[in-house]
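Chemist: Counting with the numbering used here, you get residues 331 to 508 for the letters of the sequence shown.
Once you've had a glance at the structure underneath, I'll fire off some questions.
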Amino acid sequence: MRVSSVGVLWLAMSGAAWAEDPPPAPVPAEVRALEGCWRGAGDVMGKPVEIVLSARPVALGTMLTVDADSRAKADAKDRYAAHLIFGGRGAPPKDGAAIGVSGFWSDSFGGDFTAVGQGAAQPGGFDIAYAYPDASFVNRWRREGDTLTWTIVAKMGGKENAFARYELARSACPAPLG
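Below, the structure is given as structure tokens:
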């Protein structure tokens, strides 16, 4: 009888091994509050832009993806897109809500500019930092009702430099293609 390596791997992963896995870290409520669609404007390194976001739960609700699409107001061909993934990190405190956030950043600059991030829930939102060789990019997400503010600062040493800031409002999501 011939057994493939895929078959052996499947057998090793099935059954009791799955039952023993710990539950995933819960996604903090402040992250889940992004779910839906958002539209707004802002600036990136001083350049005025328009931006739309679409956020939805994935992986059986254990993660949240955010797709951002922006373009410069002065030149519609000057576009940028990012795909962000957020999840919970660590066990929630015994007497409170989940606060740890993990993330992954990918964008239209390609694979050489991806990064893993870590952060935590804050009052009204969450912060997450992505480490790059030249700086840490700290993303601060804050929501108040149907208004979302997303700021990004480049942190080098103890100094922060403004990188991007967006003001968005909740909007209707486009109908899926059918």
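No residue lacks a Cβ here, since even glycine has one placed at the ideal position from N, Cα and C.
Here the structure is a predicted model, which means the values were calculated and not measured.
Among Arg495, Ala450 and Tyr462, which residue has its Cα nearest to the Cα of Asp442?
Modeler: Numbered from 1 along the sequence shown, position 112 holds the residue referred to as residue 442. Asp442 has its Cα closest to that of Tyr462, out of Arg495, Ala450 and Tyr462.
Chemist: What's the call for Ala385, buried or exposed, on a 16-neighbour Cβ count within 10 Å?
Modeler: Translated into the one-based positions of the sequence shown, residue 385 becomes position 55. Ala385 comes out buried.
Chemist: Assess, as a yes-or-no matter, whether the region 379-398 is touched by the region 452-466 under the definition of 3 or more beta carbon pairs within less than 8 Å.
Modeler: As far as the Cβ criterion goes, the region 452-466 does not touch the region 379-398, which means the pair count is below three.
Chemist: Are Gly418 and Ala363 close, meaning C-beta to C-beta below 7 Å?
Modeler: Along the sequence shown, one-based indexing puts residue 418 at 88. Along the sequence shown, one-based indexing puts residue 363 at 33. Cβ distance not < 7 Å, so Gly418 and Ala363 don't count as in contact.
Chemist: Would you be able to state if there are at least three C-beta pairs under 8 Å between the region 492-503 and the region 369-384?
Modeler: Verdict: yes, contact present.
Chemist: What first and last residue would you give for the alpha helix (DSSP H) that runs through Glu360?
Modeler: If you number the sequence shown from 1, residue 360 lands on position 30. That run of the alpha helix (DSSP H) goes Ala359 to Arg362.
Chemist: Taking the CB atoms as reference points, tell me whether Tyr327 and Ser432 lie closer together than 7 Å.
Modeler: No answer is possible for residue 327: the residues shown for the chain start at 331 and end at 508.
Chemist: For Glu365, count neighbouring Cβ atoms within 10 angstroms of its own Cβ and tell me buried if that reaches 16, exposed if not.
Modeler: Here residue 365 refers to the residue found at position 35 of the sequence shown. Looking at its Cβ environment, which holds fewer than 16 other Cβ atoms inside 10 Å, Glu365 is exposed.
Chemist: List the DSSP bridge partners of Ile415.
Modeler: Here residue 415 is taken as the residue at index 85 of the sequence shown, counted from 1. Beta-bridge pairing links Ile415 to Thr395 and Phe434.
Chemist: Roughly how far, in whole angstroms, is the beta-carbon of Ala359 from the beta-carbon of Ala427, given that I think they are within contact range, below 8 Å?
Modeler: Along the sequence shown, read from residue 1 onward, the residue named residue 359 stands at position 29. Along the sequence shown, read from residue 1 onward, the residue named residue 427 stands at position 97. Rounded, the Cβ-Cβ distance is 6 Å, consistent with contact.
Chemist: If you compare alpha carbons, which of Ser501, Trp480 and Ala371 is closest to Phe467?
Modeler: For the purposes of this step, residue 467 is identified with residue 137 of the sequence shown, where counting begins at 1. Closest option to Phe467, Cα to Cα, is Trp480.
Chemist: Going by DSSP in three states, Glu350 sits in which element: helix, strand or coil?
Modeler: The residue you call residue 350 lines up with position 20 of the sequence shown. Reduced to three states, the DSSP call for Glu350 is helix.
Chemist: Phe416 and Val361 look like a contact to me (Cβ under 8 Å); what is the Cβ gap, rounded to whole Å?
Modeler: On the sequence shown, position 86 is the one that residue 416 refers to. On the sequence shown, position 31 is the one that residue 361 refers to. With a Cβ gap of about 5 Å, Phe416 and Val361 count as contacting.
Chemist: When the Cα atoms are used, what is the spatial distance from Arg401 to Glu350?
Modeler: As a first step, residue 401 is located in the sequence shown; it is residue number 71 there, counting from the start. As a first step, residue 350 is located in the sequence shown; it is residue number 20 there, counting from the start. Taking the straight line from one Cα to the other gives about 47 Å.
Chemist: Just verifying my parser: in three-state terms, what is the DSSP assignment at Phe439?
Modeler: Residue 439 sits at position 109 when you count from the first residue of the sequence shown. Three-state DSSP puts Phe439 in coil, outside helix and strand.
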